[in-house]
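The block underneath contains the structure these notes are about, expressed in structure tokens.
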Amino acid sequence: MRKTKKEFAFHFPLKHKVVRELKIVTEHIGDLEIEGVGYFNSNASLLDIFDRFDVDIDFVKWNGTDIKPVLEVTGAMDEITEAAIRYFAQTFENGFKKAA
């Protein structure tokens, strides 16, 4: 199995839903800075993004502080990991198309 490895970083929008004047409103709280390493498996199926790409997240920073251990304890890393895989897959494939 051949895997290609590449570092990545992106901003994950942190949002919060609240009720204001009897309406549900989504507020943008800020952005988390996500840093890690992505892996591309060229032997995996083209149809399954989660089989073809994988990530190891090194840091999740909020205002410069790594909060990854807190997110792991609370179980909030799943959404961030899924977003990281999708981000890495998109940037990897866009870079691959430009090189071709």
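In the working numbering, the protein residues as written are 4 to 103. In this text, a Cβ means the ideal position worked out from N, Cα and C, and glycines have one as well. Predicted, not measured: the structure shown is a model, and the values here were computed from it.
{"Asked": "With 16 other Cβ atoms within 10 Å as the buried cut-off, status of residue 78", "Found": "exposed"}
{"Asked": "Start-to-end residues for the beta strand (DSSP E) that takes in residue 36", "Found": "26–44"}
{"Asked": "Distance CB(residue 95)-CB(residue 9) smaller than 8 Å", "Found": "yes"}
{"Asked": "Proximity test, residue 13 beta-carbon vs the ligand FMN heavy atom, cut-off 7 Å", "Found": "The ligand FMN is absent from the structure shown, which contains no ligands of any kind."}
{"Asked": "Residue from 73, 38, 76 and 75 with nearest C-alpha to residue 91", "Found": "38"}
{"Asked": "According to DSSP, residues forming a beta bridge with residue 16", "Found": "34"}
{"Asked": "Residue 81, DSSP secondary structure in three states", "Found": "helix"}
{"Asked": "Outcome for residue 56 when other beta-carbon atoms lying within 10 angstroms are tallied against a minimum of 16", "Found": "buried"}
{"Asked": "Whether residue 30 touches residue 12 by CB criterion (8 Å)", "Found": "no"}
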